[in-house]
Amino acid sequence: MFAEHLQPFGKTSGVKAGKMKKTLVIVGNGPLTRDLSSEIDSADYVLRFNEPRESIGMSGSKTDLLMLATSSKQMQQWLKYPTFLNSAIFRNAQELLFAFHPAIIRQFHHRPNFLSRWLKGRRADWTTKAIEVLGAQGKEIRIMPPQFYLGVCEELGITADKMAELFPSTGFFGIWYMLRNFPQSQWNIRICGFSWQGWKHHDWSAERQWIEEKIKSGMITPLI
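Going by my numbering, the first residue of the sequence shown is number 1037, and it counts up by one from there.
Following this line, the structure appears as structure tokens:
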């Protein structure tokens, strides 16, 4: 429904007839079974998400696009402490993509309670502050249009009455987006580091089923 509105990134130039396909690797933050650094760093394009907490040092550091959630407590920590800004993944990121548009955060995402806002400085939306801090590092920043979020919800069967309780994971959102920007005729799309488990407000079973269907159809290949 929404695919016709998607535009490829500037670096995704087509592959001429007779030439080998390029490789895109989508790196999740789940555990890896072996060191994939060589395969990932030699890929033509690499998408990552937020900040890895498992299998540190096993997924290389090449990062063409870093997709971030500006509605998370994690973003608050990144903006407060410089560790994330000094990481190899952030330094290497050519572009930043904020997954959730402020309009989506405002309409569907949970708001911190009064005590969290007052005592811990929490807020629902860190987009403006993130643009200020991360943009000051010389990074180009994009924000997903609200229509894309609605398109992902539609893919997962998240109906309007459930949108305040169930949210697509940033990882799933990124895979959905890449499949619409990188033609299968030109790109081998590989994924790694996805466990499809975690926060209770993601529909992990629906996301896993959708991904498994894409693997069976040959649109995605696991990198293991």
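Yeah, the Cβ is synthetic: ideal placement off N, Cα and C, and Gly gets one too.
CA-CA distance, THR1099 to PHE1136, rounds to 20 Å. For LEU1202, no beta strand (DSSP E) run applies, since DSSP gives it neither H nor E. Where LYS1116 is concerned, the enclosing alpha helix (DSSP H) starts and stops at 1109-1116. With a beta-carbon spacing of about 15 Å, ILE1260 and THR1059 fall beyond the 8 Å limit used to define contacts. Contact annotation: the segment 1189-1201 does not touch the segment 1224-1235, with fewer than three C-beta pairs closer than 8 Å. When the alpha-carbon of PHE1209 is set against those of PHE1085, TYR1081, MET1056, TRP1114, the nearest one is in PHE1085. Sequence-distant partners of LEU1115 (beyond 5 residues in either direction) whose C-beta falls short of 6 Å from its own C-beta, in its chain, are LYS1165, VAL1169. When only Cα atoms are considered, ALA1124 and GLU1243 end up about 29 Å apart. ARG1089 carries a coil assignment under DSSP once its states are collapsed to helix, strand and coil. The residues GLY1066, in chain order, have a CB closer than 6 Å to that of SER1231 in the same chain once the five nearest residues on each side in sequence are set aside. Burial state of TRP1162 is buried, judged by a 10 Å Cβ sphere holding 16 or more other Cβ atoms.
In this structure, GLU1176 and LEU1132 form a Cβ contact; the two beta carbons are roughly 7 Å apart against a cut-off of 8 Å.
Check the Cα spacing between ALA1129 and each of GLU1090, ALA1139, ASP1077, SER1091: the tightest is with ASP1077. Secondary structure at LYS1058: strand, using DSSP grouped into helix, strand and coil.
Shown here, MET1103 sits in a strand according to DSSP, grouped into three states. Only residues of its own chain outside the window of five on either side were considered, and among them ALA1242 have a CB closer than 7 Å to the CB of GLY1193, listed in chain order. Where LEU1186 is concerned, the enclosing alpha helix (DSSP H) starts and stops at 1182-1192.
In the structure shown, THR1195 adopts coil according to DSSP, grouped into three states.
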